[in-house]
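To get my numbering, take the position in the sequence shown, counting from 1, and add 1091. Beta carbons: idealized from backbone N, C-alpha and C, even for Gly. These numbers were taken from a predicted model, which means no experiment stands behind them.
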Amino acid sequence: QINLIVITIIASTLATGSLAIFNLANNLQFFPVSIFGISFALAVFPLMAATEDCETLKHLFSRTFRQILFFIIPATVIVIALRAQIVRLILGSGKFDWTATVLTIETLGFFAVSFFAQATLPLLNRAFFAQKDSRTPLYTGLVAEVVNIILSIWLAKKYGPPGLALGFSISTIVNFVLLFVFLH
């Protein structure tokens, strides 16, 4: 949520419509991430929290992680390959002109790069919560937020709304890598 507030502030300093383009692409990308990432993480969390055995926890985490990737990788390929058609089909009417379409397509493409990280972060966070460790996700999230702020400011000046999505994606991947390393 902090990411979105920061990005909203940065986007409001860009050209007119930048915030709308970012939000529309964000809404489109959230669908596969929430379907596959959040739903799987929520479903397995009670089992992970109830287990005391480290091997069982590893098994539950590993199986769910692979299941998420099984669905999110093809979704990523589909979104990247068909992002122009998706944007035109869902948003390409009314006052949504070609320039806005192109910017939304680029923004959605940068979001799609981090689908694997966005979809697995809820599971990674819950793996720490199941071990009664809420500090590690907090600290890695703060590091990722700092990365997001720096990159969003820098990339938004260069690329506009797609730069915001790229900064968000890189910071999400940083958060993913940190959590994955600490969980190991």
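Nearest residue (CA-CA) to residue i, options the options
i	options	result
I1196	I1112, I1100 and S1103	I1112
S1109	F1162, E1236, P1252 and V1168	P1252
G1128	N1094, V1097 and Q1209	Q1209
L1269	T1211, V1170 and N1118	T1211
F1121	G1185, G1232, G1200 and L1229	G1200
S1260	I1169, E1143 and L1242	L1242
V1135	L1119, L1115, N1118 and R1157	R1157
I1101	L1115, F1271, R1226 and A1247	A1247
L1148	V1193, R1217, D1188 and I1177	R1217
T1142	A1221, V1272 and R1226	A1221
P1228	N1239, S1205 and V1272	V1272
Own chain partners of residue i with C-beta closer than 6 Å, once the 5 adjacent residues on each side are dropped
i	result
A1166	P1123
L1119	L1199
Cβ-based burial, residue i [other Cβ within 10 Å; buried from 16]
i	result
T1099	exposed
R1174	buried
T1155	buried
C-alpha gap between residue i and residue j, whole angstroms
i	j	result
F1219	I1264	17 Å
P1137	L1274	18 Å
E1146	T1190	52 Å
H1150	S1262	28 Å
V1193	I1164	24 Å
Contact set for residue i: own chain, Cβ-Cβ below 8 Å, skip 5 residues either direction
i	result
V1234	V1265, N1266 and L1269
G1232	N1266
Close beta carbons around residue i, own chain, < 7 Å, minus the five adjacent residues each side
i	result
L1115	L1182 and T1195
I1096	none
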